[in-house]
Amino acid sequence: MLRIKSKRKKILLQILLFVMTVPYLLPLLQMFLGSLGGRGFYNYVAVWNTGVVPTYFRNSIIISAGVILIVYVLSMTAGFGFAKLNILGKEAFFWLILVALTLPEVILLTPLFVTFQRMHLFSTFFSVIFPLAALQLPFTILLIRNFDAGIPSELMEAAKIDGATTSQAFLHVILPLTKPIGSAVAMLTLINSWNSYLLPLLFLQKPSMQTVTLLPQYFQGEFTNDQTKILAAAVLTAIPEIVAYLCMQKNFERGMSAGALK
Amino acid sequence: MKKRLSIRNNGMIWILPAFFFLIIMIYYSIFFTFNLSTMDWDGLSPTMERVGFANYTKMFKDLVFWKAIKNTIVYFAITFVVQNFLGFVFAAILHSDVKLPTVHKCLIFIPTILAPATMAPVFRLMFSPQGMLQKFFDFAHIPITVDWLSKPQTALYVLMVIVVWEFTGMSFILYYAAMSQIDKEMLEAAQIDGAGNIRTLWTMVFPGCKGTTVSLAMLGVIGALKTFDIPYLITTGGPDHATEFLGTYIYRQGIRQSHLGYAAALSVMLLVMAVVGAFLTNKANKGE
Numbered sequence: 001m002l003r004i005k006s007k008r009k010k011i012l013l014q015i016l017l018f019v020m021t022v023p024y025l026l027p028l029l030q031m032f033l034g035s036l037g038g039r040g041f042y043n044y045v046a047v048w049n050t051g052v053v054p055t056y057f058r059n060s061i062i063i064s065a066g067v068i069l070i071v072y073v074l075s076m077t078a079g080f081g082f083a084k085l086n087i088l089g090k091e092a093f094f095w096l097i098l099v100a101l102t103l104p105e106v107i108l109l110t111p112l113f114v115t116f117q118r119m120h121l122f123s124t125f126f127s128v129i130f131p132l133a134a135l136q137l138p139f140t141i142l143l144i145r146n147f148d149a150g151i152p153s154e155l156m157e158a159a160k161i162d163g164a165t166t167s168q169a170f171l172h173v174i175l176p177l178t179k180p181i182g183s184a185v186a187m188l189t190l191i192n193s194w195n196s197y198l199l200p201l202l203f204l205q206k207p208s209m210q211t212v213t214l215l216p217q218y219f220q221g222e223f224t225n226d227q228t229k230i231l232a233a234a235v236l237t238a239i240p241e242i243v244a245y246l247c248m249q250k251n252f253e254r255g256m257s258a259g260a261l262k
Numbered sequence: 263m264k265k266r267l268s269i270r271n272n273g274m275i276w277i278l279p280a281f282f283f284l285i286i287m288i289y290y291s292i293f294f295t296f297n298l299s300t301m302d303w304d305g306l307s308p309t310m311e312r313v314g315f316a317n318y319t320k321m322f323k324d325l326v327f328w329k330a331i332k333n334t335i336v337y338f339a340i341t342f343v344v345q346n347f348l349g350f351v352f353a354a355i356l357h358s359d360v361k362l363p364t365v366h367k368c369l370i371f372i373p374t375i376l377a378p379a380t381m382a383p384v385f386r387l388m389f390s391p392q393g394m395l396q397k398f399f400d401f402a403h404i405p406i407t408v409d410w411l412s413k414p415q416t417a418l419y420v421l422m423v424i425v426v427w428e429f430t431g432m433s434f435i436l437y438y439a440a441m442s443q444i445d446k447e448m449l450e451a452a453q454i455d456g457a458g459n460i461r462t463l464w465t466m467v468f469p470g471c472k473g474t475t476v477s478l479a480m481l482g483v484i485g486a487l488k489t490f491d492i493p494y495l496i497t498t499g500g501p502d503h504a505t506e507f508l509g510t511y512i513y514r515q516g517i518r519q520s521h522l523g524y525a526a527a528l529s530v531m532l533l534v535m536a537v538v539g540a541f542l543t544n545k546a547n548k549g550e
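Going down the list, the sequences are from chains A and B. In case it helps, our numbering puts the first sequence at residues 1 to 262. In case it helps, our numbering puts the second sequence at residues 263 to 550.
In structure tokens:
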């Protein structure tokens with residue numbers, strides 16, 4: 001992109017990149033150094049010894065898996081329908097999605113609180129999984145619609161001439177081609193469901209059901225405000241996220257590049 | 263042609279599951295909120311009192327509501343420019359011949375994946391007199407006290423720094439994706455003709471990424487209006503409502519103080535602004 005001829009300018013560009021990147025590292029450094037304050041590594045032992053860490057992780061995994069499953073299936077089918085099939089009043093449905101895209105989480109709290117209590121869903125994992133999936137869907141449907149629109153329709157028509165139904169064409173022609181956008185959708189959904197704070201805070205009242213985002217607060221209880229342990233808890237929550245991202249980084253980037261947003 | 267249409271006119275069943283879900287969760291909630299916004303209810307009493315538009319007239323006289331709007335506008339204007347400028351520059355540099363591109367990409371994107379709830383305690387420490395910034399100033403003998411989060415004049419700007427830190431990765435990855443589709447030969451031809459780097463970036467690359475910029479503007483408007491986690495967790499909207507956003511104010515009124523009718527009116531207002539904002543940016547995109 002940039003054309004650099006001289007060796008000196010090349011080094012300057014490298015230094016500029018380095019200087020620009022360092023500020024992004026500082027908060028992580030602060031988190032790590034802060035977590036070792038006071039009694040050092042013992043902070044991690046103390047966090048682990050509360051016994052809640054595995055439970056909180058398990059709950060976050062259950063919730064994220066549930067949200068990803070719902071979002072993946074519903075946005076793959078809907079994105080395909082929007083991109084490749086005829087729908088009566090498509091424009092109107094499209095606007096319904098755009099309105100839903102703008103909806104902030106905080107608006108859902110009271111209506112869902114009342115409804116979930118009536119339906120006896122309150123303080124179950126569903127009370128978090130359902131709203132998170134609904135909040136994620138509009139964006140992922142748009143992403144997949146844009147991606148599917150780029151797949152040549154001839155591929156599907158050819159399958160149809162060979163006698164395939166729409167479902168068969170979807171399963172055997174479209175779905176295998178959507179891997180890049182599929183992993184981008186999975187990654188974005190994982191980020192949003194793993195990081196969700198407000199819904200678990202309000203809708204999962206039992207301590208045994210709480211999630212990793214509530215872990216720092218465990219040490220901000222009524223009697224203690226133990227800064228170093230809060231930060232140790234933050235590091236423990238951050239590590240699996242960073243590892244998951246590093247594993248999926250290549251696929252995620254490919255998905256975003258494959259015309260995710262245009 | 264007719265036959266082909268009839269074969270292809272079967273999309274409804276494919277979008278219905280998603281819409282069923284959206285209607286139950288989201289459109290039901292919107293309807294509920296509209297209705298609640300004309301009520302006076304504390305969430306506990308079995309009856310709600312219908313008050314018409316009283317919650318709305320109250321809202322327009324509420325100084326904190328206007329403060330939240332002002333904060334949202336300032337916040338959007340500054341973070342949008344800074345975050346996308348940085349994302350664009352990072353993308354341009356990392357598309358060039360530099361060492362360790364993957365390491366830099368990951369470092370820029372990692373903040374985006376970390377939960378605000380996880381990072382909030384870190385930032386509260388970092389921007390406090392016990393944090394690393396203060397240690398640096400003390401070490402360099404610079405007489406600055408890092409108490410910016412507790413001052414109404416500066417707290418909002420600290421939150422903007424945090425938000426830019428968090429979301430540059432998103433701008434970066436979208437610009438990076440857009441730039442990989444720009445014709446390299448055309449750029450090289452212009453550069454051989456003597457156009458400098460800054461000039462090609464500004465006159466060729468940036469216009470080539472226009473779609474991305476518009477998408478980011480739309481996400482930015484919606485995101486600014488939705489802002490909740492970061493101000494709530496770091497400053498709880500304070501000091502003196504200096505970092506109050508509509509989201510935090512709805513939470514304060516609705517969940518903390520049980521003024522559910524009033525919170526619902528604020529929610530309706532927020533939703534209307536988000537839809538109008540999204541509509542206008544979408545229109546700006548199409549009207550080129």
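Every residue, glycine too, gets a C-beta built ideally from N, C-alpha and C. Only a predicted model underlies this, so the values are computations on that prediction, with no experimental measurement involved.
Sub-8 Å separation of B:L478 and B:N346 beta-carbons: It is a contact, given that the beta carbons lie within the stated cut-off.
Hey, would you say A:S35 sits closer than 8 Å to A:V212, going by beta carbons? Not in contact: A:S35 and A:V212 (Cβ atoms no closer than 8 Å).
Cβ-based neighbour list, B:G509, same chain, cut-off 7 Å, excluding 5 preceding and 5 following: K488, T489, F490
Would you say B:P414 and B:D324 are within 8 Å of each other, going by their C-beta atoms? Taking 8 Å as the cut-off, the Cβ atoms of B:P414 and B:D324 do not count as close.
Can you tell which of A:Y218, A:T189, A:Q210 has the C-alpha that lies nearest to the C-alpha of A:A244? A:T189
Below 8 Å on the Cβ atoms is my guess for B:G523 versus B:W303; work out the distance and round it to an integer in Å. 5 Å
Unbroken alpha helix (DSSP H) run spanning B:H366, endpoints: 363-375
With a cut-off of 8 Å, does the C-beta of A:Y72 fall near any C-beta of chain B? By this cut-off, A:Y72 is not an interface position.
Does A:Q117 come within less than 8 Å of chain B when only Cβ atoms are used? no
If you reduce the DSSP assignment to three classes, tell me which class B:D445 lands in. coil
I want to verify the contact list: residues of chain B whose CB lies under 9 Å from the CB of A:P240, in sequence order. Under the 9 Å cutoff, chain B gives no residues; its nearest Cβ is about 11 Å from A:P240.
Segment contact, 8 Å Cβ cut-off, at least three pairs: the stretch 528-539 of chain B with the stretch 102-109 of chain A: yes
List the endpoints of the continuous alpha helix (DSSP H) containing A:E154. 153-161
Does A:D148 pass the burial test, meaning 16 or more other C-beta atoms within 10 Å, or should it be called exposed? buried
In terms of alpha-carbon separation, which member of A:R145, A:L121, A:Y56, A:S123 lies closest to A:K90? A:R145
Could you give the uninterrupted runs of the alpha helix (DSSP H) lying entirely in the stretch 178-218 of chain A, keeping only those of 4 residues or more? 179-194, 198-203, 215-218
Once the 5 residues before and after A:Q44 are set aside, which same chain residues still bring their CB inside 6 Å of it? For the sequence presented, residue 44 of chain A should be read as Tyr rather than Gln. Closer than 6 Å at the Cβ level, and outside the excluded window around A:Y44, lie A232.
Could you work out which residues of chain B lie near A:W194, taking near to mean beta carbons separated by less than 8 Å? A377
Please report the distance separating the alpha-carbon of A:P176 from that of A:E253. 18 Å
Is the stretch 385-405 of chain B close to the stretch 446-454 of chain B, with three or more CB pairs under 8 Å? no
Using a beta-carbon distance cut-off of less than 8 Å, what residues from the stretch 28-47 of chain A approach chain B? L28, L29, Q30, M31, L33, G34
Is the Cβ of A:F147 closer than 8 Å to any Cβ of chain B? no
For B:M301, list the residues DSSP reports as bridge partners. B:R312
Report the neighbours of A:Q227 on chain B: residues whose CB is nearer than 7 Å to its CB, in chain order. L387
Closer than 8 Å to chain B by CB, A:F130: Yes, A:F130 counts as interfacial toward chain B.
Just the Cα atoms here: how many angstroms apart are A:L16 and A:T50? 44 Å
Could you check which residue in A:I239, A:I151, A:K229 has the C-alpha nearest to that of A:Y42? A:K229
Evaluate the contact criterion for the stretch 361-379 of chain B versus the stretch 426-444 of chain B: three or more CB pairs, one atom per stretch, below 8 Å. yes
Could you check whether A:I63 and A:F130 sit closer than 8 Å to each other, using their CB atoms as the reference points? no
What span of residues does the alpha helix (DSSP H) with A:P54 cover, start to end? 53-84
Can you find the residues in the same chain that come closer than 6 Å, C-beta to C-beta, to B:F350, ignoring five residues on each side of it along the sequence? Y437
CB contact check: B:M310 to chain A, cutoff 8 Å: no
Is there a Cβ from chain A that is less than 8 Å from the Cβ of B:Y290? yes
Name, please, each residue of chain B whose Cβ falls closer than 7 Å to the Cβ of A:F80. W276
For B:H521, count the other beta carbons within 10 Å of its own beta carbon; 16 or more makes it buried, fewer makes it exposed. Which is it? buried
Closer than 8 Å at the beta carbon, the chain B residues around A:P152: Under the 8 Å cutoff, chain B gives no residues; its nearest Cβ is about 15 Å from A:P152.
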